[in-house]
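A short write-up of the structure that comes next.
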Amino acid sequence: MKVLIFGKQASGKGTQAKLIAEKYRLVHIATGDIFREIRKEDSELGKKVRALIDGGKLVPDDVTTEIVMAKLKSLGKKGFILDGYSDAEAVKRMSARRICNNSKCGEIYNTLVKKPKQEGKCDKCGSSVIQRDDDKPESIKKRLETYRRETAPIMEFYKKKGLLKEVDGTRPIESIFREIRGILDKIKH
């Protein structure tokens with residue numbers, strides 16, 4: 169099974185992708201995670217990705233494609249889920265997002281809907297929970313504008329091909345996942 173999940177930043181697609189990957193034993197490929205790792209590198213690509221992300225811009229399609237294709241080739245025939253390929257509400261959700269500072273854990277939290285049991289501490293590994301630079305209000309408006317301009321047309325392409333299934337991501341996590349499972353179970357069989 170090969171699944172692509174689209175949505176605005178902080179729409180919950182990363183959370184759903186993790187759940188889907190676990191349920192259907194798929195490899196979870198999150199472009200955002202890949203870019204955050206690359207931006208830490210002192211390489212030319214790392215510097216380029218860092219400048220783009222810090223400026224609220226998307227990594228260009230050619231660079232994204234090259235990185236994702238290399239990852240997909242390394243999987244062989246394994247199934248995968250590719251994650252990431254009202255503005256006021258989005259800004260609110262994005263500003264509330266927190267992530268475990270331990271890169272090996274990376275658990276995602278949201279101060280509105282999924283708080284850690286102990287403020288500032290990851291439930292899974294005990295590391296600190298932080299707000300990423302690209303989830304701070306000054307980057308959010310740029311990211312949303314970039315999404316509208318560059319990502320939304322891709323969804324229209326899949327819709328015209330009859331391959332797009334839309335799910336309302338504003339509901340509780342479990343409710344969204346139940347609907348997604350219903351869609352994927354029909355496709356799988």
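Each residue of the sequence shown is one higher than the last, beginning at 169 in our numbering. Virtual Cβ for every residue (Gly too), placed ideally from N, Cα, C. The model shown is predicted, which means the values in this text are computed figures rather than measured ones.
Of the residues Asp222, Glu275, Gly350, Asp301, the one placed nearest glycine 294, counting alpha carbons only:
In the sequence shown, residue 294 corresponds to position 126, counting from 1. Answer by Cα proximity: Glu275.
Return the CA-CA distance between glycine 180 and lysine 170, expressed in angstroms with no decimal places.
Position 12 of the sequence shown, counted from the first residue, corresponds to residue 180. Position 2 of the sequence shown, counted from the first residue, corresponds to residue 170. Between the C-alpha atoms of glycine 180 and lysine 170 there is a straight-line separation of about 19 Å.
Contact check, alanine 198 vs glycine 182, beta carbons under 8 Å
Looking up residue 198 in the sequence shown gives position 30. Looking up residue 182 in the sequence shown gives position 14. Against a cut-off of 8 Å, the Cβ pair of glycine 182 and alanine 198 comes out as a contact.
Can you find the residues in the same chain that come closer than 8 Å, C-beta to C-beta, to aspartate 231, ignoring five residues on each side of it along the sequence?
The sequence position of residue 231 within the sequence shown is 63, counting from 1. Per the sequence presented here, residue 231 reads as valine, with aspartate not at that position. Excluding five sequence positions before and after valine 231, the CB atoms of its chain that fall closer than 8 Å to its own CB belong to Leu213, Lys216, Val217, given in chain order.
Consult DSSP for aspartate 251 and reduce its assignment to one of helix, strand or coil.
Position 83 of the sequence shown, counted from the start, is the residue given in the question as residue 251. The answer is strand: DSSP assigns aspartate 251 an E or B state.
Which word fits serine 254, buried or exposed, when buried means at least 16 other C-beta atoms lie within 10 angstroms of its C-beta?
Counted from its first residue, the sequence shown places residue 254 at position 86. A caution first: serine 254 carries a pLDDT of 39, below 50, which makes its placement in the model too unreliable to give a value.
Which one of Ser343, Val297, Tyr192 has the shortest CA to CA distance from arginine 266?
The residue you call residue 266 lines up with position 98 of the sequence shown. The option with the nearest alpha carbon to arginine 266 is Val297.
Using DSSP with H/G/I as helix, E/B as strand and the rest coil, what is serine 179?
Taking the first residue of the sequence shown as position 1, residue 179 is located at position 11. For serine 179, the secondary structure class from DSSP, reduced to helix, strand or coil, is coil.
Is the beta carbon of aspartate 303 sitting closer than 8 Å to the one on isoleucine 221?
Within the sequence shown, the letter at position 135 stands for residue 303. Within the sequence shown, the letter at position 53 stands for residue 221. No, they are not a contact pair.
Considering only residues of the same chain and omitting the five flanking positions on each side of histidine 196, which have a CB-CB separation below 7 Å?
Residue mapping note: residue 196 aligns to position 28 of the sequence shown, counting from 1. Hits under 7 Å: Ala185, Lys186, Ala189, Ile249, Asp251.
Taking aspartate 353 as the reference, which of Lys333, Val227, Arg317, Ser271 has the closest Cα?
Locating residue 353 in the sequence shown gives position 185, counting from the first residue. Cα-wise, what sits closest to aspartate 353 is Lys333.
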